[in-house]
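So the structure is just underneath, and the comments pick up after that.
Protein chains in written order, with this note's numbering: chain A, 1 to 486; chain B, 1001 to 1401.
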C-alpha cells in the first residue's frame, strides 16, 4: 500500500461569458479592456457559489469509488459564502460523508489549496481536499476579465494512488500583490509587472530548486509544470528560470475558463492528471504570500480510474453566454427591479433545517423495508398505497440517481433570477419522485422522459438576514455519464 | 358506504356580490353585499340563523384570523361560527359545514359565506406565500400557473396529442368562458375574445398564456340552508336540494409515488365517483345537466372533463371543440363565465358555483338562463397543486321529496 493521490475531480460551471461581451460593455470607459476581449471565462450560474461548486467537484472526485470512509475534508477558498459557519461542513453534509470526519476551511491566501493538499499528503487516513472560488469582481476591473469560477477536488490516502508525491517545498513571504479585508467587497491589486518582477520571478524558482533537490531530480525531469498565473508568459519565465523545459509548461486555461483563484492550482493539476501517462512528473505551484511547490509522479493506476467529467468534461459541458448584463445581475452588481414576488420572505427555520438535514442537504430519502418502495423524502408512513407501513423506511441516497422528467413548465410569472423558472416532476428510475427546480437547462430542451441528474445548488437567498439555503436541483444528464457515481 | 346527505338539506336563499376589482370595497363590504341578497332571498332574519361558516383562504391579507370577522360584519347573534380554509375548495368547505350542521339536526338554519379580497395584496396574480418550513426548503419556487401548466406536458405525452391541438382546445375553453361571462352582469371579465387572442397572448407558464389563466378578483358569495321541511314551512316551492358533497384530499401518492402520470387529478376522479354514488347518479354524461368546474387554468378544465367521467379519457379535446360544453351544448360548463371570467376570489368560488346552479334551476339566471331548466348540476373545486391537492364536489338538484 502506498500513500498518494487516489482520485481527482473538478467542476467548471456550464456558463461561459464571452470576454468580448465584457469589453463591448466597458470599452467606452476603459479602452485597455478592448485588447483583452478574447476567449471566455466560466461564470457561476445564479444558484452556484463556492460551496455548490466544491460539492460537485467532490462528487466528480468520488465517482465510481463506492462508499468511501474519509477521515478528513478540507475546503480551500478565499470566497466562502459563510464567515462563521463551517463551509466544509455543508460540503461534507451534501456529500453525505457521515459525521465521523474532521473538517476544516482553509483560506486567506491563493495558496490555501496547495497548502491543504500538502498537509493531507503528509499522511494519515483518507482525506478529501476541495477547492473552489467565485471571486467578486468590480465591473470593468481587469480581474473581471481574468478570473473564472470553478472547483477541483483531490482524494489522498493509502491504497493504489494514481500519483505519489516525490517531494515538496514551501516558502513564506508576506508579498502583498492583492488583498481583501472584511470591509472591502473586492480585491485591491498592485501593478501586474511588479507582481511578475518582484513576486513570481524571484520567489518561485528557489522553491522549485529546493523541491527538486529533495526529490534528487533535475529540472528536466518535470514533464508537466502547473503554475497559475494570469500574466502571459509568467509561467514560462518561471520555468525557464528554474531550468524546466518550456514544453512542460501547462496551459493556464485562460482562454476557456479563466483563473479559478485558490482552486486553480488543483484545477490545473486535475487537467494534467487527465492527460497524464504513467511515469509523468507533474509539478504544481501555489503562489500567495510565498509559494508551495509539489512534485508528483504518475503511476500506472492512472488508467484504472472510473470515468469522470473532470476539467475536460466540464469544459465540454458548455453554454456560451453573451449577455453581460446577466452576469452583473447574477452577482448583484446592478440593482434590478425584481418585483413584488422577489420580496417573499426566505427565512430558514434553522431548527427545521437541522432536523431535516439528511433530506435537504444530503438528499437522502427512504426505502421501505417491507415493500421496497423508494420515496423522497423519507417519511414515517410508506407512500405505496398497497403498503402504508409505519416506520419501515431505511435511508436511501437519491443524489446519485438519474430521473426522468414526468412533467415540466417554464414559468415566467414566479420570481427567478434567471427567468423563465423551469421546474417539474422528476421521476427516479428506481422509484421515488419529487417536484423540483431545474437548473442549467434550456427551455427548448425540456421534454417528458428527458433524463436528469441531481446537482447541489443554492435554493434561496435570504437577503434580509444574509443566509442562503441549499438544495438539490435537476439538470440534464445527457451530456454526462454518471453511471456508478456515488 | 354511508347513507349520505342526499335531499336532507335544501337551499333557502343565496347571494353573490359582483366579482371584480372592487377597489372601493373591504372584505366586510363584500360579505354584507352577498349576505343582504341571500337574506332577502331566504326571507328570514339574522336572528333565525343557528350556526355559520366563514370560508376565506388568504385571511391574513384582508379580514384576519378566526371566524370573528364574519360574526362582526353580519352582527351575528353570538352563535357558533367557524372559519374554514382548504385551498381553493374553501367556499365549498364552508357550504359543507353549514349543510352538515342542518343534516345532523344541530342547526335548523345555517349560513355559509365565502369571501376573498385579493386586490389589496398588490399582486397581479395570487400572492407569493410561505408553504411551511420544510416545503420552503425543498419545493420549487413556483407559481400556480406553473404547477397547473405541467398537466399539459403530461397529457400530451400520455395521449400523443399535438401541442397545437391541445392549445386550440384550451383556447376554446377560454373563448367559451368569455362568451358566457359577457352575459353575466356580476362577472369580472365581460369582454368577448377570439381563439387568436388566446393563442397569441403572452406566455405565463408554458403552455399557459395570459388568456389560459383565470382572473384574480374580489368577491363574496353566501348560502343559507335548512331542511326541506322548514323551507316548505317558510313558504318555499321548487326547492333546490343538496344531493352530494364530497371532498378528496391528496395523501402524497401523486407527489411521491410513480403510479400517477401527471395528466389528470386523482382526487377529482375519486371525489366524483363518491359524489355520483351519494347522489344516485349512474351515467353522469346522461344525467348531469350543468357543471361548474375549477377552471383556474384552461388546461385544468380540459382534464377535469375526463376526471368527472363525462368525457372519455383522451377525448376531452374533441368534446370541447365539438361544443359539447358550450352554453348551448349538451352539458354547459361555466355558463356563468367560470373562474376565468366570473373571477376567482378563492374563498367565494365554491359558493359562487352553487349560486349559479341555484339560479339556473329556479329559472332566475337572466340572459344566460338555460331554457331547459337544469335538474341536476355539479360543482367542482381544486385547491393546491395537481400533484398534491384538495378536491371538493357538490351535486345539487331540484328537490324531489
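Yeah, the Cβ is synthetic: ideal placement off N, Cα and C, and Gly gets one too.
If you're wondering where the values come from, they're calculated on a predicted model, not measured in any experiment.
Buried or exposed: residue i, going by 16 or more other Cβ atoms within 10 Å of its Cβ?
| i | result |
| --- | --- |
| residue 1037 of chain B | buried |
| residue 350 of chain A | exposed |
| residue 321 of chain A | buried |
| residue 483 of chain A | Note that residue 483 of chain A has pLDDT 37, beneath the 50 cutoff, so the model's placement of it is unreliable and the number below is only indicative. Label assigned to residue 483 of chain A: exposed. |
| residue 233 of chain A | exposed |
| residue 1018 of chain B | buried |
| residue 1064 of chain B | exposed |
| residue 50 of chain A | buried |
| residue 1259 of chain B | exposed |
| residue 1040 of chain B | exposed |
| residue 29 of chain A | exposed |
| residue 434 of chain A | buried |
| residue 1109 of chain B | buried |
| residue 1104 of chain B | exposed |
| residue 1072 of chain B | exposed |
| residue 107 of chain A | buried |
| residue 1164 of chain B | exposed |
| residue 1272 of chain B | buried |
| residue 359 of chain A | buried |
| residue 1132 of chain B | exposed |
| residue 485 of chain A | Only weak support exists for where residue 485 of chain A lies, its pLDDT of 36 falling under 50; the value from the coordinates is given anyway. By the neighbour-count rule (16 or more Cβ atoms within 10 Å), residue 485 of chain A is buried. |
| residue 219 of chain A | buried |
Taking Cβ positions only, does residue i come closer than 8 Å to chain B?
| i | result |
| --- | --- |
| residue 486 of chain A | Confidence is the limiting factor: at residue 486 of chain A the pLDDT is only 31, short of 50, which leaves the residue's position unreliable, though a coordinate-based value still follows. It does not: the Cβ of residue 486 of chain A has no partner Cβ on chain B nearer than 8 Å. |
| residue 281 of chain A | no |
| residue 384 of chain A | yes |
| residue 362 of chain A | no |
| residue 168 of chain A | no |
| residue 436 of chain A | yes |
| residue 345 of chain A | yes |
| residue 348 of chain A | yes |
| residue 416 of chain A | yes |
| residue 376 of chain A | yes |
| residue 341 of chain A | yes |
| residue 99 of chain A | no |
Shorter than 8 Å from the beta carbon of residue i to some beta carbon of chain A?
| i | result |
| --- | --- |
| residue 1204 of chain B | yes |
| residue 1387 of chain B | yes |
| residue 1262 of chain B | yes |
| residue 1390 of chain B | no |
| residue 1258 of chain B | yes |
| residue 1255 of chain B | yes |
| residue 1061 of chain B | no |
| residue 1271 of chain B | no |
| residue 1182 of chain B | no |
Could you say which of the options lies nearest to residue i if we only look at CA atoms?
| i | options | result |
| --- | --- | --- |
| residue 230 of chain A | A:262, A:240, A:222 and A:214 | A:262 |
| residue 104 of chain A | A:122, A:80, A:96 and A:335 | A:80 |
| residue 141 of chain A | A:186, A:277 and A:451 | A:186 |
| residue 1112 of chain B | B:1092, B:1125 and B:1386 | B:1092 |
| residue 453 of chain A | A:460, A:476 and A:462 | A:476 |
| residue 314 of chain A | A:4, A:6, A:10 and A:1 | A:10 |
| residue 279 of chain A | A:289, A:264 and A:298 | A:298 |
| residue 100 of chain A | A:135, A:191 and A:68 | A:68 |
| residue 387 of chain A | B:1298, B:1370, B:1004 and B:1253 | B:1253 |
| residue 378 of chain A | A:135, A:276, A:391 and A:227 | A:391 |
| residue 436 of chain A | B:1076, B:1138, B:1026 and B:1089 | B:1138 |
| residue 1211 of chain B | B:1127, B:1199, B:1149 and B:1357 | B:1199 |
Can you list the residues of chain D that residue i reaches, using a CB-CB cut of under 9 Å?
| i | result |
| --- | --- |
| residue 421 of chain A | Here the protein chains are A and B, and chain D is not one of them. |
Could you please tell me which residues of the region 46 to 58 of chain A, in chain order, have their CB closer than 9 Å to any CB of chain B?
-> none
Residues in the region 452 to 480 of chain A with C-beta within 8 Å of chain B's C-beta atoms, listed in sequence order?
-> 459, 460, 469 and 471
Closer than 7 Å, Cβ to Cβ, to anything on chain A: give me those residues from the region 1124 to 1142 of chain B, in chain order.
-> 1125, 1128, 1130, 1133, 1134, 1137, 1138, 1139, 1140, 1141 and 1142
Report yes or no: do three or more beta-carbon pairs, one from the region 1370 to 1377 of chain B and one from the region 1118 to 1129 of chain B, lie closer than 8 Å?
-> no
Which residues, in order along the region 388 to 413 of chain A, keep a beta-carbon less than 7 Å from a beta-carbon of chain B?
-> 406, 407, 408, 409, 410, 411, 412 and 413
If contact means a Cβ-Cβ distance below 7 Å, which residues of the region 197 to 216 of chain A contact chain B?
-> none
Would you call the region 1327 to 1339 of chain B and the region 1178 to 1198 of chain B in contact, with 3 or more CB pairs under 8 Å?
-> yes
Contact the region 1196 to 1216 of chain B vs the region 405 to 416 of chain A: 3+ CB pairs below 8 Å | yes
Please list the residues of the region 1373 to 1385 of chain B that have a C-beta atom closer than 8 Å to any C-beta atom in chain A, keeping them in chain order.
-> 1385
Along the region 24 to 35 of chain A, what residues have a CB closer than 8 Å to any CB found in chain B?
-> none
So, do the region 86 to 100 of chain A and the region 329 to 342 of chain A have three or more beta carbon pairs nearer to each other than 8 Å?
-> no
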